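J.: In the working numbering, the protein residues as written are 11 to 258.
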């Protein structure tokens, strides 16, 4: 699939747009919209793993509404990082997830595309949730025609907490613009970023509805729902209709 128009049209030499998010399990379309809207995307894998979060689970549409599907992991201590969180294969969750996809997306026209995306990564049996998430995210990006470079934050020798760490990562990558999700406005130190010469923008999540297999609509479910129902046209439905907002 060709690279998306936004990626192809962007002039890169004088600017570097960077996004940084913890890896999620088969995340929703807004996650991939951010990846598509930057030059470099970092998976924040050296942060603390948080239980009951998006790292190892997501939601899927069913006749009873949206339900969670979860990858079991070994949670050994509170300081455990995402990168070191191992997947628990004592439960046959891979078969369960494939069956869940076949059951609830079976009537969707492109469910075969979804299975082609996830099954090879399941069969590879990655050791950690970080490795699984990264493999699935990269595979979905290829399907959607997203050519953004994806790296791990653990590849960079940075220290500090919160703003200091963020600034160190942005400096190490040569970022001129940091694209963040809108909820980060509650805690980001905008003045510090501006003082470092880094432009801060907040992604605005504003997407059209698309046909789903069941009554009602939930646009915040896993991207596999969008792909199963819309196939290659999914790329046109994952670009926000509202432009990113620059921090004041």
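Built from N, CA and C at the ideal position, the CB exists for glycine as well.
None of the values given here were measured: they were computed from a predicted structure.
Note down the Cα distance separating residue 18 from residue 88, rounded to an integer number of angstroms.
T.: Because the pLDDT of residue 18 is 45, which lies under 50, any placement of that residue in the model is unreliable, and the number read from its coordinates should be weighed accordingly. Going by the C-alpha atoms only, they are around 42 Å apart.
J.: Hey, residue 30 and residue 41: beta-carbon distance below 8 Å or not?
T.: No; because the gap between Cβ atoms is not below 8 Å, this pair is not in contact.
J.: Just confirm the distance between the C-beta atoms of residue 136 and residue 142, as a whole number of angstroms; I'd bet it's less than 8 Å.
T.: With a Cβ gap of about 4 Å, residue 136 and residue 142 count as contacting.
J.: Strictly under 8 Å for the Cβ-Cβ distance: is residue 95 near chain D by that measure?
T.: Among the chains in the structure shown there is no chain D, since it carries only a single protein chain.
J.: Would you decide whether residue 37 is buried or exposed? Buried here means 16 or more other CB atoms lie within 10 Å of its CB.
T.: By the neighbour-count rule (16 or more Cβ atoms within 10 Å), residue 37 is buried.
J.: Looking at the strands, I want to know which residues DSSP matches up with residue 80.
T.: Per DSSP, 67.
J.: Since residue 186 and residue 209 should fall inside the 8 Å C-beta cutoff, what is the C-beta to C-beta distance between them, to a whole number of angstroms?
T.: Confirmed, Cβ separation roughly 6 Å.
J.: Would you tell me roughly how many angstroms separate the C-alpha atoms of residue 118 and residue 39, rounded to the nearest one?
T.: Near 17 Å, if we compare the C-alpha coordinates of residue 39 and residue 118.
J.: Look up residue 162 in the DSSP assignment and give the residues it is bridged to.
T.: Paired residues: 53.
J.: Count the other CB atoms, across all protein chains shown, that sit within 10 Å of the CB of residue 197; report buried if there are 16 or more and exposed otherwise.
T.: Exposed is the call here.
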